[in-house]
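> In this text, residue positions in the sequence shown follow the working numbering: the first is 768, and each later residue adds one. C-beta atoms are modelled at their ideal positions from N, C-alpha and C, and glycine is treated no differently. Submitted below is the structure of interest, expressed as structure tokens.
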Amino acid sequence: MVGSRFLDLFEVYRPRLLVTMADLLAHEGAKLHLRFRDAPRTSLKGVLVPDGQGGAVIDLSFGISVVDAVRDYDLTGSDFAPTDLTIEMLYLVEAKSAAMEASRTLNKRLQGARVAAEEQAFTDTLTGLKNRRATDHILGRLVRTGRDFALMHLDLDFFKEVNDSFGHAAGDYVLQQVARILVGETRKDDTAARVGGDEFVVIFVGVSDRHRLSDIADRIIARLERPIAYDGQKCRISGSIGITFSSGRADVDPADVMQEADLALYASKRGGRAQHRFYDPTMTQNAENDAPFGV
């Protein structure tokens, strides 16, 4: 640097437009913000004092940029005076960095634990499907956002006989196979859930085509009627299905949708099982007429 012009080595970026020695001398005592013109373009702060001979002495400091300087120039404690408060500042910066990293790590762990807890709270542990709580949450969200959906309520036929004949382990295995079948009939935005012992719900988002839902229901019923092998035994079940839609209504209540699918399901049961029915308003009227007096 010896023999070089100061303004050839340093760029003064604050105050702006200081490009000559006269400009610098005019800012005696003012804080200057500078950086090297060549890489690494380390930032410095300085204060200028004229030397009375047309030149000046400038006291330079890294300031807060000392953190970058330590990195850029591989500085160590021996590069600073023992009484320099910069060392203490660097310790504080290091401690803060360590604390922030520990905080980020802890936040990630807590967030992961929260997500896992929420997922567990919304998951049926036996089948891996969503549970009744998740179903209510999803239906409420769909209603709030105004998205159309179809709801399919499935109840297994003859499931009690499987438990009675082969034990609850066989029943659990059958439920897991049913879950696999339902997942195979859903898309990414759809939801398959176990809402009771042998009751399942499937929510099809944006689906309002009766023929499409009818085909899906027929495929599910056909697959359920295939014997399920367990421990050398053949477990035989079937399924009854009720279907309803949210579309075409001014106001949609999730509880009403579930009730409609339930009525359609039991119409399938009364019709001989292993079939599906779509909800229609006469089912509600029939249910009211069949209710005991006073209920």
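On a CA-only basis, which of GLY819, CYS1002, HIS935, MET1025 is nearest VAL969? Give me that one, please.
The residue labelled residue 969 in the question sits at position 202 within the sequence shown. When only C-alpha atoms are compared, the closest one is MET1025.
> So, with DSSP's three-state summary, where would you put LEU896?
As a position in the sequence shown, residue 896 is number 129, starting the count at 1. Note: LEU896 maps to coil in three-state DSSP.
> Between the segment 1006-1015 and the segment 919-926, do three or more beta carbon pairs fall short of 8 Å?
Judged by Cβ distances under 8 Å, the segment 1006-1015 makes contact with the segment 919-926, as three or more pairs qualify.
> Using a Cβ-Cβ cutoff of less than 8 Å, which residues in the same chain neighbour MET768 once the five nearest sequence positions on both sides are dropped?
The residue labelled residue 768 in the question sits at position 1 within the sequence shown. Here the set comprises LEU776.
> Between which two residues does the alpha helix (DSSP H) carrying ARG871 extend?
Start at 1 with the first residue of the sequence shown, and residue 871 comes out as number 104. Taken as a continuous stretch (DSSP letters only), the alpha helix (DSSP H) holding ARG871 covers 852-888.
> Return the residue from the list VAL824, LEU774, VAL816, ASP790 that minimises the CA-CA distance to LEU801.
Residue numbering aside, residue 801 sits at position 34 when the sequence shown is read from its first letter. Cα-wise, what sits closest to LEU801 is LEU774.
> On the criterion of 16 or more Cβ atoms from any shown chain inside 10 Å, does GLU886 qualify as buried, or is it exposed?
The residue you call residue 886 lines up with position 119 of the sequence shown. Exposed, because fewer than 16 other Cβ atoms sit within 10 Å of the Cβ of GLU886.
> Can you say whether LEU909 is buried or exposed, counting buried as having 16 or more other CB atoms within 10 angstroms of its CB?
Counted from its first residue, the sequence shown places residue 909 at position 142. Per the 10 Å Cβ criterion, buried.
> Going by alpha carbons, who is nearest to ARG914 out of VAL1019, LEU859, GLU952, ALA848?
For the purposes of this step, residue 914 is identified with residue 147 of the sequence shown, where counting begins at 1. Comparing Cα positions, the closest option is VAL1019.
> Taking the continuous beta strand (DSSP E) assigned at GLU1027, which residues delimit it?
Taking the first residue of the sequence shown as 1, we reach residue 1027 at position 260. Segment 1021-1037 is the alpha helix (DSSP H) holding GLU1027; no beta strand (DSSP E) there.
> Going by DSSP, what residue range makes up the beta strand (DSSP E) through MET1100?
Beyond the ends of the chain as shown, which are 768 and 1062, falls residue 1100; an answer cannot be given.
> To test your reading of the DSSP string, which unbroken alpha helix (DSSP H) runs of 4 or more residues are found completely within the segment 914-1000?
Complete alpha helix (DSSP H) runs here, min 4: 926-933, 935-951, 977-991.
> Report all residues from its chain with a CB closer than 7 Å to the CB of ASP826; omit the five preceding and five following residues, and keep chain order.
Here residue 826 is taken as the residue at index 59 of the sequence shown, counted from 1. Same-chain partners within the cutoff: GLY813, VAL814.
> What is the C-beta distance between ALA1031 and PHE1012, in whole angstroms, given that I count them as a contact (C-beta under 8 Å)?
As a first step, residue 1031 is located in the sequence shown; it is residue number 264 there, counting from the start. As a first step, residue 1012 is located in the sequence shown; it is residue number 245 there, counting from the start. So it is not a contact: roughly 11 Å between Cβ atoms.
> Since VAL945 contacts PHE967 with CB under 8 Å, what's their CB separation in whole angstroms?
Working through the sequence shown from its first residue, we reach residue 945 at position 178. Working through the sequence shown from its first residue, we reach residue 967 at position 200. Confirmed, Cβ separation roughly 7 Å.
> Given that a residue counts as buried once 16 or more other Cβ atoms are within 10 Å of its Cβ, and exposed if not, what is PRO760?
There is simply no residue 760 to check, as the chain begins at 768 and stops at 1062 in what is shown.
> Between ARG954, ASP903, TYR997, which lies nearest to HIS935 when the distance is taken from Cα to Cα?
Here residue 935 corresponds to residue number 168 of the sequence shown, with the count starting at 1. Selected option, being the one with the closest Cα: TYR997.
> Find out if the Cβ-Cβ distance for the pair PHE926, ILE1004 is shorter than 9 Å.
By one-based count along the sequence shown, residue 926 stands at place 159. By one-based count along the sequence shown, residue 1004 stands at place 237. Taking 9 Å as the Cβ cut-off, PHE926 and ILE1004 qualify as a contacting pair.
> Can you name, in chain order, every residue of its own chain whose Cβ lies under 6 Å from the Cβ of PHE933, other than the five neighbours on each side?
Within the sequence shown, numbered from 1, the residue matching residue 933 stands at position 166. Excluding positions up to five away in sequence, the list reads GLN1000.
> State the CB to CB distance for the pair SER1014 and SER975, rounded to an integer number of angstroms; the pair is presumed to be in contact (CB under 8 Å).
Locating residue 1014 in the sequence shown gives position 247, where the first residue counts as 1. Locating residue 975 in the sequence shown gives position 208, where the first residue counts as 1. SER1014 to SER975, Cβ: 5 Å. Contact.
> Taking the beta strand (DSSP E) that LEU811 falls in, what are its first and last residues?
Looking up residue 811 in the sequence shown gives position 44. First-last of the beta strand (DSSP E) with LEU811: 810-817.
> In terms of residue numbering, what span does the beta strand (DSSP E) encompassing ALA823 cover?
Counting from 1 along the sequence shown, the entry for residue 823 is found at position 56. Start and end: 823-828.
> With distances taken from CA atoms, which of GLY821, GLU778, GLY770 is nearest GLU795?
Counting from one through the sequence shown, the residue named residue 795 turns up at place 28. Comparing Cα-Cα distances from GLU795 to each of GLY821, GLU778, GLY770, the minimum goes to GLY821.
> Alpha carbon to alpha carbon, what distance is there between ARG881 and ASP871?
For the purposes of this step, residue 871 is identified with residue 104 of the sequence shown, where counting begins at 1. For the purposes of this step, residue 881 is identified with residue 114 of the sequence shown, where counting begins at 1. The question names Asp, yet the displayed sequence has Arg at residue 871. Their Cα atoms are separated by approximately 15 Å.
> Can you check which of these residues, LEU991, ASP956, PRO1048, is closest to ARG1040 by C-alpha distance?
What you label residue 1040 is simply residue 273 of the sequence shown in a count that begins at 1. When only C-alpha atoms are compared, the closest one is LEU991.
> Counting along the chain, where does the beta strand (DSSP E) carrying LEU776 start and finish?
Taking the first residue of the sequence shown as position 1, residue 776 is located at position 9. Here LEU776 belongs to no beta strand (DSSP E); instead the alpha helix (DSSP H) covers 773-776.
> Taking the alpha-carbon positions, what's the LYS897 to ASP965 distance?
Position 130 of the sequence shown, counting from 1, holds the residue named residue 897. Position 198 of the sequence shown, counting from 1, holds the residue named residue 965. Using only the alpha carbons, I get a separation of about 14 Å.
> Can you give me the Cβ contacts of LYS798 inside the same chain, cut-off strictly under 7 Å, excluding the 5 residues immediately before and after it?
Translated into positions along the sequence shown, residue 798 becomes position 31. LYS812, VAL814, listed in sequence order.
> In angstroms with no decimal places, state the Cα-to-Cα distance between GLN1042 and LEU918.
Position 275 of the sequence shown, counting from 1, holds the residue named residue 1042. Position 151 of the sequence shown, counting from 1, holds the residue named residue 918. Approximately 16 Å between the Cα atoms of the pair.
> Please report the straight-line C-alpha distance between THR892 and ASP841, rounded to a whole angstrom.
Residue 892 sits at position 125 when you count from the first residue of the sequence shown. Residue 841 sits at position 74 when you count from the first residue of the sequence shown. Near 55 Å, if we compare the C-alpha coordinates of ASP841 and THR892.
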